[in-house]
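Chains as they are written, first to last, in my numbering: chain A, 1 to 346; chain B, 1 to 131.
All remarks here apply to the structure that follows.
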Amino acid sequence: MASRLRGYLSQKLGASHIDIAEIRPLSGGAIQENWLLSLHITGGIFEGAQRWVLRKDAPSAVSVSHSRAVEFAVLSHAFGAGVAVPEPICLCEDVAVLGSVFFIMRHKSGLAAGHKLAGDPVFKQGSKQLGAQLGREMAKLHLAPSNPALEALLAASPLSPQQQQLHEMRGYLDALGTGQPVLEYALNWLEDRLDIWQTDEAKVLCHRDFRTGNFLVEGEEMTALLDWEFAGFSDRHEDIGWLCARCWRFGNPHLTVGGLAPFAAFQEAYEEAYGQPIHLLAMACWQVMAEIRWAVIALQQANRNDSGAEYSLQLALSGQMVPEMEYHMLGLIDEIDQDKWQDDRQ
Amino acid sequence: MTPMDKAKKGQLPAGQDSRKLAGLIAAIEAEFARHIAPDLPGHQNFRKSMIRRALAIVKTQLRQAESPQAALAKAMGCEDVSALARAIRARNLSADQQQILPDRLLGHIRAKLEVTNPGFLTLYDKDKTDA
Chain A
1 MASRLRGYLS
11 QKLGASHIDI
21 AEIRPLSGGA
31 IQENWLLSLH
41 ITGGIFEGAQ
51 RWVLRKDAPS
61 AVSVSHSRAV
71 EFAVLSHAFG
81 AGVAVPEPIC
91 LCEDVAVLGS
101 VFFIMRHKSG
111 LAAGHKLAGD
121 PVFKQGSKQL
131 GAQLGREMAK
141 LHLAPSNPAL
151 EALLAASPLS
161 PQQQQLHEMR
171 GYLDALGTGQ
181 PVLEYALNWL
191 EDRLDIWQTD
201 EAKVLCHRDF
211 RTGNFLVEGE
221 EMTALLDWEF
231 AGFSDRHEDI
241 GWLCARCWRF
251 GNPHLTVGGL
261 APFAAFQEAY
271 EEAYGQPIHL
281 LAMACWQVMA
291 EIRWAVIALQ
301 QANRNDSGAE
311 YSLQLALSGQ
321 MVPEMEYHML
331 GLIDEIDQDK
341 WQDDRQ
Chain B
1 MTPMDKAKKG
11 QLPAGQDSRK
21 LAGLIAAIEA
31 EFARHIAPDL
41 PGHQNFRKSM
51 IRRALAIVKT
61 QLRQAESPQA
71 ALAKAMGCED
81 VSALARAIRA
91 RNLSADQQQI
101 LPDRLLGHIR
111 AKLEVTNPGF
121 LTLYDKDKTD
131 A
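Have a look at this one:
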């Protein structure tokens with residue numbers, strides 16, 4: 001791997017010599033593999049010591065995620081819009097180099113692991129500083145001007161984001177072939193509430209996996225938003241509902257923003273940067289959809305094990321988490337119906 | 001019917017085998033705890049916890065006389081959960097069924113959580129009480 005990579009990078013970056021001091025896999029990334037590269041480059045625009053991350057498909061890549069080429073394009077777009085992301089370095093579409101398409105980005109320091117962050121005393125009480133920064137960064141992304149090239153890459157559905165999600169989730173459930181009464185009930189509930197769920201706002205570029213675990217945190221600062229493989233044009237409340245979903249709070253249920261921060265700090269910073277208020281009921285409905293979506297992904301992961309496609313205890317246990325999402329779904333539905341939903345106060 | 005077909009229908013293995021299976025699982029658990037887990041290095045903690053969790057789930061599930069899926073289907077008067085899911089999607093439930101559905105679903109979820117993650121109920125029930 002090292003010699004082929006050295007040859008490729010020397011040519012691509014115009015370097016006269018590259019020393020690869022270290023290549024090692026980074027933890028996480030069931031869908032993609034991330035490798036840390038420590039390099040010393042002589043010549044070219046990146047001369048000097050460099051710490052980069054190489055990202056390529058893992059064996060269990062899922063078909064719904066973007067290709068590395070599309071992810072690189074979205075990452076580059078977000079970087080250009082000033083969102084806190086790792087600087088994109090280069091994309092290699094020649095599969096002869098490493099066996100699959102990959103891209104390289106600058107390494108950013110920080111911790112992503114949700115349980116570790118949520119267990120840190122700094123975050124146990126909630127960090128207003130981090131909440132506000134997450135709000136500003138998300139607003140920056142939602143304000144990023146689009147362009148025809150990006151729109152062509154992220155082909156948008158003619159359906160509204162809400163109807164598209166209902167359609168997709170039912171399709172995934174059909175493909176799984178196992179009866180899921182709770183998910184069907186929640187999907188019907190959302191369909192019956194399109195009047196409060198749908199906003200008449202234009203679609204914006206959304207990360208669509210903006211949650212604790214997918215951004216790096218150092219101190220109380222988010223250093224980079226990672227994993228752009230599900231990005232697309234959607235209702236901005238999809239990102240807000242996903243970040244604030246109850247399934248992504250890692251044992252801190254009282255902290256709405258990813259189990260790390262109170263909602264008020266996030267909301268104030270987001271609304272100030274975006275220039276429009278958050279529609280709280282729309283966000284609450286997206287929270288319900290977040291639970292459904294994560295439950296469907298967990299069922300798909302478990303199905304990979306159960307079908308014999310890839311035996312893995314981690315995949316099998318994903319399916320055992322589905323009742324947790326179902327519990328949140330019914331809780332949210334009851335609270336919204338009873339006008340008792342209070343996540344904006346947590 | 002294959003074991004996977006049975007599982008999809010929410011059926012557990014035949015009762016006469018469940019005790020033996022539970023004993024086997026308990027023996028694996030004890031073997032793992034006594035002889036394997038202590039020698040595993042720290043970076044394998046995640047795998048250790050996954051194995052413990054999986055064994056606990058199987059052990060608890062085997063103690064249940066009826067699976068939560070089968071209990072839900074029976075409570076709703078359906079052949080199995082797949083039939084119930086289809087009826088919900090098609091909005092084919094009777095008025096009586098629609099009325100009891102949310103409570104039955106919540107009971108079903110709680111029964112599943114008793115198997116998969118009892119600590120979850122403790123955390124969230126406490127959170128609701130505190131709120």
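Here a beta-carbon is modelled for each residue, glycine too, at the ideal position from N, C-alpha and C.
Query: Could you tell me which chain A residues have their CB closer than 9 angstroms to the CB of ARG86 of chain B, listed as they occur along the chain?; Result: GLY179, GLU184
Query: According to a CB-to-CB cut-off of less than 9 angstroms, which residues of the segment 46 to 69 of chain B neighbour chain A?; Result: PHE46, ARG47, MET50, ILE51, ARG53, ALA54, ILE57, PRO68, GLN69
Query: Just by C-beta distance, which residues in the segment 240 to 269 of chain A are closer than 8 angstroms to chain B?; Result: GLY251, PRO253, HIS254
Query: Who are ARG55 of chain A's beta bridge partners in DSSP?; Result: A:ASN34, A:PHE103
Query: For the segment 285 to 300 of chain A against the segment 237 to 246 of chain A, are there 3 or more C-beta pairs whose distance is under 8 angstroms?; Result: yes
Query: Quick one: what's got a C-beta closer than 7 angstroms to SER157 of chain A's C-beta in the same chain, skipping five residues either side?; Result: GLN164
Query: Just the chain B side, please: which residues come within less than 9 angstroms of ASN188 of chain A by C-beta, in chain order?; Result: ILE88, ARG89, ARG91
Query: Using a Cβ-Cβ cut-off of 7 angstroms (strictly less than) and excluding sequence neighbours within five positions of GLN50 of chain A, which residues of its own chain qualify?; Result: LEU39, ILE41
Query: Quick one: grab the DSSP three-state call for VAL217 of chain A.; Result: strand
Query: Would you identify the three-state DSSP class for PHE233 of chain A, choosing helix, strand or coil?; Result: strand
Query: The beta strand (DSSP E) that contains ASP19 of chain A, what's its start and end?; Result: 17 to 25
Query: Tell me whether CYS285 of chain A sits in a helix, a strand or coil according to DSSP, three-state version.; Result: helix
Query: Compare the Cα-Cα distances from LEU166 of chain A to each of A:LEU190, A:GLN180, A:GLN338 and report the closest residue.; Result: A:LEU190
Query: For ALA15 of chain A, which of A:ASP235, A:GLY43, A:ARG6, A:ALA2 has the nearest alpha-carbon?; Result: A:GLY43
Query: Which two residues bound the contiguous beta strand (DSSP E) that contains LEU205 of chain A?; Result: 204 to 206
Query: According to DSSP, is GLU255 of chain A helix, strand or coil?; Result: Per the sequence shown, residue 255 of chain A should be read as Leu rather than Glu. In the structure shown, LEU255 of chain A sits in coil (DSSP, three-state: anything other than H, G, I, E or B).
Query: For GLY110 of chain A, which residues in the same chain have their Cβ closer than 6 angstroms to its Cβ, ignoring the five residues on either side in sequence?; Result: LEU216, VAL217, GLU218, THR223
Query: Quick one: what's got a C-beta closer than 8 angstroms to VAL53 of chain A's C-beta in the same chain, skipping five residues either side?; Result: LEU26, ASN34, TRP35, LEU36, LEU37, PRO86, ILE104, MET105, ARG106, HIS107
Query: If I'm right that GLY135 of chain A touches ALA273 of chain A with Cβ under 8 angstroms, what's the distance once you round it to whole angstroms?; Result: 7 angstroms
Query: Give me the residue from A:ASP94, A:ALA132, A:ASP235, A:VAL296 with the minimum Cα distance to GLY319 of chain A.; Result: A:VAL296
Query: I'd like to know whether the C-beta atoms of LYS74 of chain B and PRO323 of chain A end up nearer to each other than 8 angstroms.; Result: no
Query: Can you give me the C-alpha to C-alpha distance between ALA85 of chain B and GLU184 of chain A, rounded to a whole angstrom?; Result: 6 angstroms
Query: Can you tell me whether DSSP reads ALA309 of chain A as helix, strand or coil?; Result: coil
Query: Helix or strand or just coil, what does DSSP make of PHE263 of chain A?; Result: helix
Query: Could you please give the first and the last residue of the uninterrupted beta strand (DSSP E) stretch that includes PRO277 of chain A?; Result: From DSSP, PRO277 of chain A is part of no beta strand (DSSP E); its letter is neither H nor E.
Query: Helix, strand or coil, according to DSSP, for TRP189 of chain A in the structure here?; Result: helix
Query: According to DSSP, simplified to helix, strand and coil, what is PRO88 of chain A?; Result: strand
Query: Using alpha carbons as the reference points, say which of A:TRP242, A:ILE333, A:GLN342, A:PHE46 lies closest to ARG193 of chain A.; Result: A:ILE333
Query: Cα separation between ALA14 of chain B and GLU238 of chain A?; Result: At ALA14 of chain B the pLDDT is 47, less than 50, meaning the model places this residue with poor confidence and gives no usable figure here.
Query: Just the C-alpha distance for GLU229 of chain A and LEU91 of chain A, rounded to the nearest angstrom, thanks.; Result: 15 angstroms
Query: Counting only beta-carbon separations shorter than 8 angstroms, does SER82 of chain B have a partner in chain A?; Result: yes
Query: Closest by CA to LEU5 of chain A, which one among A:HIS66, A:SER65, A:VAL101?; Result: A:VAL101
Query: From this set, A:ASP227, A:ALA261, A:PHE250, A:ARG293, which residue's C-alpha is nearest ASP57 of chain A's C-alpha?; Result: A:ASP227
Query: On the DSSP bridge assignment, give the partners of GLN97 of chain B in chain order.; Result: None; GLN97 of chain B has no bridge partner.
Query: Report yes if the CB atom of LYS128 of chain A is closer than 8 angstroms to the CB atom of ALA261 of chain A, and no otherwise.; Result: yes
Query: Going by the beta-carbon positions, is the gap between VAL83 of chain A and LEU141 of chain A smaller than 8 angstroms?; Result: yes
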